[in-house]
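To start, the structure itself, in structure tokens.
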Amino acid sequence: MKAFALFALAAVAIPAALAQHQTFVVNPDSSEVRMTLKTTHEIVNGTFHVQSGTIEFDPSSPAMAGSVVVSAGSGKTGNDSRDKKMHNDILLVEQHATVSFEPKSYTGAIAAAGDSTIQVTGIFTLLGTPHSITVPVVVHLEGPTATVKAHVSVPYIQWGLKDPSFMFWKADKDVAIDLVLTGRVSK
3 MKAFALFALA
13 AVAIPAALAQ
23 HQTFVVNPDS
33 SEVRMTLKTT
43 HEIVNGTFHV
53 QSGTIEFDPS
63 SPAMAGSVVV
73 SAGSGKTGND
83 SRDKKMHNDI
93 LLVEQHATVS
103 FEPKSYTGAI
113 AAAGDSTIQV
123 TGIFTLLGTP
133 HSITVPVVVH
143 LEGPTATVKA
153 HVSVPYIQWG
163 LKDPSFMFWK
173 ADKDVAIDLV
183 LTGRVSK
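To convert, count from 1 in the sequence shown and add 2; that's the working numbering.
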């Protein structure tokens with residue numbers, strides 16, 4: 003009888019525990035990365051294309067896994083010569099075609115529906131070099147649909163990118179990144 007009770011408990015507990023594991027699959031066509039760089043003469047705004055993204059998480063555990071991959075060569079600022087310089091001289095897209103973020107853990111709580119604010123810690127890889135970073139993230143869940151928004155300031159020069167400043171045109175040493183990911187969550 004004791005063995006049956008343990009089996010029954012396991013039969014109920016294991017599916018409930020497995021149901022906590024969720025996967026967020028990013029829809030690249032409705033997601034975007036925006037960058038803003040302040041300079042002495044203008045504010046440079048640009049966009050990058052999200053190539054792919056899958057994030058696995060469990061609302062009852064701080065662990066996360068997966069990645070969000072952005073095409074480095076997709077960056078557009080509205081100025082073809084500036085974009086060419088950004089691709090060839092700064093992002094070195096011939097050697098480093100992508101920029102990625104791999105979440106490792108989070109703090110805070112992810113609600114089953116509505117908005118949640120969490121802090122996500124992970125690895126941001128730029129020019130092939132990994133950098134540990136913690137990013138404030140707002141997650142909105144509505145049924146199987148999810149939207150993830152993040153804003154982070156990236157010290158791109160400190161992280162090894164070439165400073166685009168020249169003569170009297172000076173650029174800030176950090177670039178603001180706004181990320182909006184949309185997709186679906188499945189269990």
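By construction, the Cβ of each residue, glycine as well, lies at the ideal position given by its N, Cα and C atoms. Being a predicted model, the structure only gives us computed values, none of them experimental.
Any idea if P105 is buried or exposed, counting beta-carbon neighbours within 10 angstroms, 16 or more meaning buried? buried
Leaving out five residues on either side along the sequence, give the residues of the same chain with a beta carbon under 7 Å from the beta carbon of D91. K164
Using 10 angstroms around the beta-carbon of A115, count the other beta-carbons present and answer buried if the total reaches 16, otherwise exposed. exposed
When DSSP builds the beta bridges, which residues end up paired with Q121? In DSSP, Q121 forms a bridge with T109 and P138.
Going by DSSP, name the residue or residues bridged to I179. M37 and V154
In angstroms, rounded to a whole number, what distance separates the CA positions of V101 and F126? Those two C-alpha atoms are separated by around 8 Å.
Contact between the segment 169-178 and the segment 148-159 (3+ Cβ pairs under 8 Å): yes
Consider the Cβ of K164: report whether some Cβ of chain B lies at a distance smaller than 8 Å. Chain labels in this structure do not include chain B; a single protein chain is all it has.
Contact check, M66 vs S107, beta carbons under 8 Å: yes
For A114, which of helix, strand or coil comes out of DSSP? coil
Run through DSSP, which three-state label would M1 get? The shown model of the chain, from 3 to 189, leaves out residue 1, and the question about it has no answer.
What is the rounded straight-line gap between the Cα of V27 and the Cα of F170? Distance from the CA atom of V27 to the CA atom of F170, rounded to whole angstroms, is 44 Å.
Tell me which same chain residues have a C-beta within less than 8 Å of the C-beta of A99, skipping the five on either side of it? Cβ neighbours of A99 beyond the five flanking positions: S73, A74 and G75.
Can you tell me whether I120 is buried or exposed? The criterion is at least 16 other CB atoms within 10 Å of its CB, across all chains shown. buried
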